[in-house]
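Structure first, commentary second.
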Amino acid sequence: MDRTFVMVKPDGVQRGLVGEIVSRLEAKGLKLVAARFEVLPEKRVTEQYKEHLTKLFFPSLKKFIMGGPCFLMVWEGRDVVPIVRTLVGATNPQEAAPGTIRGDFGIDTGRNIIHASDSPESAAREIALHFRPAELSSYTRADESVIYEY
Ligand code: UDP
Ligand code: MG
Numbered sequence: 142m143d144r145t146f147v148m149v150k151p152d153g154v155q156r157g158l159v160g161e162i163v164s165r166l167e168a169k170g171l172k173l174v175a176a177r178f179e180v181l182p183e184k185r186v187t188e189q190y191k192e193h194l195t196k197l198f199f200p201s202l203k204k205f206i207m208g209g210p211c212f213l214m215v216w217e218g219r220d221v222v223p224i225v226r227t228l229v230g231a232t233n234p235q236e237a238a239p240g241t242i243r244g245d246f247g248i249d250t251g252r253n254i255i256h257a258s259d260s261p262e263s264a265a266r267e268i269a270l271h272f273r274p275a276e277l278s279s280y281t282r283a284d285e286s287v288i289y290e291y
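According to this note's numbering, the residues represented by the sequence shown are 142 to 291, in order.
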């Protein structure tokens, strides 16, 4: 099964959206295999967003992400990376479709509630950055046989 890294950012935590977000991913049929609630250290924020290091918005992004606790998760499922990106919606919440997390709850790009890996390669890198292999659980969802066709 595929895995992806998902993180409720400090704005999502402070707005009480952790439960709503976990519910949406669970209801979709995806499987939660790891989770941790923490304020991210600077090193992991820089590593997480290394493709944006030279961007003008990077200093404010870093300050914002480190400004409060995040809820870090690993989710599992077939094609989970693109599926979660679809549920999350466009980076700019003003352009995110209604029904998506950012479309339903956000207004500003710099307060867009949630992070999700953008490719299987990013997912592998981000999962390894934030979690040790032993922190990932293996179990069967009771409804797996009726979620997947094969
Ligand atoms: N971001 C920002 N201003 C911008 C572009 C991005 O504050 O102009 C932040 C925003 O929190 C975004 C994150 O940087 O989610 C990473 O940007 P990316 O383009 O990778 O968007 P994402 O993959 O989160 O949709
Ligand atoms: Mg991204």
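Just so you know, even glycine gets a beta-carbon here, dropped at the ideal spot from N, CA and C.
- In terms of Cβ geometry, R243 and G230 form a close pair [threshold 8 angstroms].
- The shortest C-alpha to C-alpha distance from Q235 to any of S278, D249, I224, T241 is the one to D249.
- In the DSSP annotation of this structure, the continuous segment of the alpha helix (DSSP H) that includes K204 starts and ends at 199-206.
- Across the set H271, K169, D143, the C-alpha of K169 shows the shortest separation from the C-alpha of I288.
- Judged by DSSP secondary structure, A257 falls within the beta strand (DSSP E) whose first and last residues are 255-257.
- By the Cβ-count criterion, S260 is exposed, with fewer than 16 other Cβ atoms from all chains shown falling within 10 Å of its own Cβ.
- A straight-line Cα-Cα distance of about 21 angstroms links Y280 and F178.
- DSSP places F212 within a strand segment (E or B) once states are collapsed to three.
- In the three-state reduction of the DSSP assignment, K150 falls in the coil class.
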